[in-house]
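Converting from the sequence shown to our numbering requires adding 9 to each position, the first position being numbered 1. Beta carbons are placed, not taken as given, at the ideal position from N, Cα and C, and that holds for glycine.
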Amino acid sequence: MRIEQFVPEPKRGKRGGQQIDRRPLARAFLAKAFFNLSQTRALKEQLDQSCALRKLCGMKTAPSEATFSRAFSQFAQINLGQLAHAALVEKFVSPQLVMHISHDSTALEAREKAIKKVKPLKVKKSVGDPRKEKSDLLLSQLGYRDK
Numbered sequence: 010m011r012i013e014q015f016v017p018e019p020k021r022g023k024r025g026g027q028q029i030d031r032r033p034l035a036r037a038f039l040a041k042a043f044f045n046l047s048q049t050r051a052l053k054e055q056l057d058q059s060c061a062l063r064k065l066c067g068m069k070t071a072p073s074e075a076t077f078s079r080a081f082s083q084f085a086q087i088n089l090g091q092l093a094h095a096a097l098v099e100k101f102v103s104p105q106l107v108m109h110i111s112h113d114s115t116a117l118e119a120r121e122k123a124i125k126k127v128k129p130l131k132v133k134k135s136v137g138d139p140r141k142e143k144s145d146l147l148l149s150q151l152g153y154r155d156k
C-alpha cells in the first residue's frame, strides 16, 4: 500500500529548521500497527535493532520518540488511519461481491470416553499339592471317588 499519497510533503522554508519528511514516519506508523506495538518506544527499539525494517520505512536512522509522537499526532489530525483503510476497502471490496464460505459447526455424535477394556477372568490356582490333585483326578475318572 502506498500510504505516502495521504501524507503531505514537507514544507521547505527559508528560515528555521527543516521539517522531517513524514512519509517514512507514516510507513513506520503502518509497521507499528502491523507488529501490534502499543508504545512508540517499542517501535523505536524495533527500528534501532532491525536494519531491514528501517530500510523498508525509508530511514537511515530511527528518529527520537518525540519526533514520532509529533508525527503520530499530525497523522491523527489528518485521519491517516481512516484514509488508508477507506482506500483499501474501495480498492479491494467495493466493486465486487464478497464471497465467503460458511462451515457448519454442528456438534457430531461421538463417544466422549474411551471404552473400558474387558479383562479376562483369572483362573485361581489351587494351593494344594499338585501330586495329590493328580491322584484325586485319576481316582475320580476311574470312578473310585466322587466329588
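Checklist entry - Tell me which same chain residues have a C-beta within less than 7 Å of the C-beta of Leu80, skipping the five on either side of it? => result Rather than Leu, the amino acid found at residue 80 in this sequence is Ala. Excluding sequence neighbours, Ala80 sits near Arg31 and Leu34.
Next on the checklist: For Ala42 and Arg36, what's the separation of their Cα atoms in angstroms?
Outcome noted: 10 Å
Checklist entry - Looking only at C-alpha atoms, which of Lys122, Phe38, Pro19 and Gly26 sits nearest to Asn88? => result Phe38
Next on the checklist: Mapping the DSSP letters down to three states, classify Arg31 as helix, strand or coil.
Outcome noted: helix
Item to check | C-alpha distance - His94 paired with Lys125, whole-angstrom precision | outcome: 57 Å
Next on the checklist: Taking the alpha-carbon of Lys53 as reference, which of Cys60, Ser73 and Ala61 has the nearest alpha-carbon?
Outcome noted: Ser73
Next on the checklist: If you measure between the beta carbons of Gln58 and Leu46, is that distance less than 9 Å?
Outcome noted: no
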